[in-house]
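These notes are about the structure you will find just below.
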Amino acid sequence: MPAGKPDILVVGAGAGGLAAALELACRGCAVTVLERASGPGGKMRALEVGGREVAAGPTVLTLRVFLDELLATAGTRLEAELPTRRAEILARHWWPDGSKLDLFADPARSEAAIAAFAGPAEARRFRAFRAEAARIWAILERPFLRAIEPSLPGLLGGVGLRGLAELPRIRPFESMWKVLGEHFHDHRLRQLFARYATYCGGSPFLAPATLMLVVHAELEGVWLVEGGLAALARTLARLAEARGATFRFDTEVAEILVEGGRARGVRLASGERLPAEAVIVNADVAALAAGLFGPATARAVDAGAPGGRSLSAVVWSVVGRAAGGPLVHHDVLFSADYPGEFAEILARQRLPSDPTVYLCAQDRPAAEAPPPAGEERFLLLVNAPATGDRRPFPEAEIAACWECVGRKLERAGLTIEVRAMRVTTPATFARAFPASGGALYGPAPHGWRAAFARQGVRTRLPGLYCAGGTVHPGPGVPMAILSGRQAARAVLADRASTRLSHPVAIAGGISTR
C-alpha cells in the first residue's frame, strides 16, 4: 500500500468490494478492505463439510465480460490465474412426469433437444425467444446496466430519439410468466424459462418480462472455475493485495464517521478509528437504511423497496455418494405446481411443500461423462421466504423440507447417500448479512419500477458509496463485479471534480494500521 494513511476504505470483501478494491489499487489508490469474516467472498462462499470444501453459494460464472474487463485493468486474464472450462451442458431439467431436457452452450443443440422434447414448433419458438431476450439485453446494457447513475430519463436518452419506441420492447409492464406464455405452448418450457426470475430473487408471476435478459446471460455461456467461486474470491483478493491493497479480516465496522457533511472514515467494533477520503460499503443496502452503520448513513439511502425483499433459500452442502439417473453439473428438478410453489413462499411465507430443487453436482463436468468414483460434493437449494430475522424456521420444518427433497430425488430415480452435511437457512443468511432477513438478492425485482428504485453506487452522503448485488445494476456475481467497478469510478470522478484534500484527523485518535 502507498505510504501514509488509507484514503479509501472498502467495507466488505464480497464480489463488489473485491472489484472496487482491485480497480482502485490498479489506479494507484491506497485502499484498505475491512471484512468481518475470516476471508473474502461474501456470498461466494464455501463450507468445510466432512473434511472437504463444498460450495454454499453461487456455483458458476456467467457474463464473463465484466470479470474479463476487470482483470484486463489488472493486466491479467482469468486463464492465467485460475483453470476454467466452458460448460457444454448448461443444465439438465427434470419434471415430475419423468421427462428430461438438457440445454446446451451450442444453440443448435438446444433447438434440436427442444424439438425432440416438445416438437419442432417449440424449437422455432425457442429461437424467437432467444432473439427477444438478446434484444432486451442489447437495449439495456450500455445506457442502463453500465450506467453509474441509472434512471428512466437516462435510459431513454441513452437509446436516442427512438427511446420512447424502444421502452415497450423491453416488456417492463408485463409479467415474465405472461410473456413466456406467448413464447411457449408447452407448460414445461414456460416453467423452465420462468425459473430465471429466481436468479434475481424474484417470482416470475410478479417480475417484469424484462428479466428475460437473465436467460440471455446464461445462454451466452457458463464457465466452471476450478475450486469454485470461493477460489475466484481468493484470487481477486490476492490480485488486489499484489497491487497495493490491504485486507483486514475478522474486522467489524461499527460506524461510518461523518465530518463536515461527508463520510470521513469508520469506527471499528474494537473502538479503533480509521480515516478516509471515501468509504465504499459492500454490504446489503438494507444495513445502511436500518442505521446499522450510524444514523447519518441511514439518511443517505432509500429506506425500502417497492417490491419488498427478494427470495432467500435453504441450502444443503453435502458430501456423499449418488446413485440412479445421470446427473450433470447443474440439475433442476421442477415442482408440479409452479404457481402454488410461489404462493406458499411469498403469500404464505412458508417453505414450499413441493419445492423446485436446484442440485449442483460439483465434481461432475458440465458435459456427458461417467460419474466420479467414490464420494462427491453436492449443493442442493430450494427457494424460501426472507423471514430469517423475524420467523426463523424450526429445525423440524427444515428437516421436513429435506425429506421432501429426498422424495423428489427418488421419484426421479436418484438417491444421495449422505456422509456429511451442513445446512444454511434464511436465519443463517440473516446473521451473515445483517438487515437482509436472509434475502440473497437485495430488493425483489417485482414491478417495472423496481429496477429504477434500486440504490445506485452514489448515496446522498458525499464520500459514501455502495457496491454489491443489492444495489444497481443488480444481483449475481457479474453484476456485483460491475457495481464495484462503477463505485470505484464514481469515487475517482468525484475526487477529481472536487480536488479533495488528504483526510483530516478524526477526534478520538486515529490508527493507520
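Using the numbering used here, the first residue of the sequence shown is number -16, and each one after it goes up by one.
In this text, a Cβ means the ideal position worked out from N, Cα and C, and glycines have one as well.
Run through the DSSP bridge pairs and tell me what residue i is partnered with.
i      : result
Tyr448 : Ile263, Arg441
Lys83  : Trp77
Pro426 : Arg292
Ser300 : Leu362, Arg405
Ala305 : Ile399
Helix, strand or coil: which one does DSSP assign to residue i?
i      : result
Ala281 : helix
Ile328 : helix
Val487 : For Val487, the predicted model reports a pLDDT of 38, less than 50, meaning its position is unreliable; a value from the coordinates is still stated below. If DSSP states are grouped into helix, strand and coil, Val487 belongs with coil.
Ile381 : helix
Cys387 : helix
Ser318 : coil
Pro103 : helix
Trp120 : helix
Leu7   : helix
Ala476 : helix
Val32  : strand
Ile399 : strand
Ala311 : Correcting the residue type first, residue 311 is Val in the shown sequence and not Ala. Of the three classes helix, strand and coil, the one that applies to Val311 here is coil, per DSSP.
Ala273 : coil
Arg333 : coil
Val43  : coil
Ala38  : strand
Ile131 : coil
On a Cα-Cα basis, can you pick out the residue from the options that is closest to residue i?
i      : options                        : result
Arg247 : Glu358, Val262, Glu157         : Val262
His168 : Gly102, Gly204, Val249         : Gly102
Leu44  : Gly58, Arg68, Glu64            : Arg68
Ala252 : Ala269, Ala272, Phe276, Glu260 : Phe276
Glu36  : Pro354, Pro458, Arg443, Arg405 : Arg405
Ser158 : Pro187, His166, Pro151         : Pro187
Ala98  : Ala106, Ala91, Arg292          : Ala106
Thr408 : Arg437, Leu392, Pro368, Gly446 : Pro368
Thr59  : Leu397, Leu196, Ala223, Ala116 : Ala223
Glu64  : Ala326, Arg217, Gly290, Phe232 : Arg217
Ala352 : Phe325, Gly308, Ala383         : Gly308
Asp85  : Ala349, Gly430, Gly459         : Ala349
Arg414 : Arg113, Gly(-1), Gly25         : Gly25
Arg437 : Gly(-3), Glu378, Pro66, Phe127 : Phe127
His170 : Ala476, Arg113, Val460, Phe100 : Phe100
Pro365 : Leu123, Ala382, Ala356         : Reading off the sequence shown, one finds Val at residue 365, where the question assumed Pro. It is Ala382.
Gly291 : Asp346, Glu238, Leu189         : Leu189
Arg154 : Leu123, Pro338, Ala237, Leu5   : Leu123
Asp346 : Arg468, Leu334, His312         : His312
Give a yes or no on whether 9 Å exceeds the smallest Cβ distance from residue i to chain B.
i     : result
Asp89 : No chain B is present in this structure, which holds just one protein chain.
Is it the case that the stretch 411 to 424 contacts the stretch 369 to 384, given that we only count it when at least three CB pairs across the two stretches are under 8 Å? yes
Looking at C-beta atoms only, is the number of pairs between the stretch 314 to 329 and the stretch 163 to 182 that lie closer than 8 Å three or more? Yes, since at least three Cβ pairs between the stretch 314 to 329 and the stretch 163 to 182 fall closer than 8 Å, the two stretches touch.
Would you call the stretch 205 to 215 and the stretch 449 to 457 touching, i.e. three or more CB-CB distances under 8 Å? no
Curious, which full-length alpha helix (DSSP H) runs of at least 4 residues does the stretch 145 to 222 contain? 146 to 149, 159 to 166, 170 to 177, 195 to 202
Would you check if the stretch 425 to 440 and the stretch 384 to 393 touch, i.e. whether three or more CB-CB distances between them fall below 8 Å? no
Would you check if there are 3 or more beta carbon pairs closer than 8 Å linking the stretch 318 to 337 to the stretch 357 to 364? no
Whether or not the stretch 337 to 344 and the stretch 203 to 211 are in contact is what I'm after, with contact meaning three or more pairs of Cβ atoms, one per stretch, closer than 8 Å; do they touch? no
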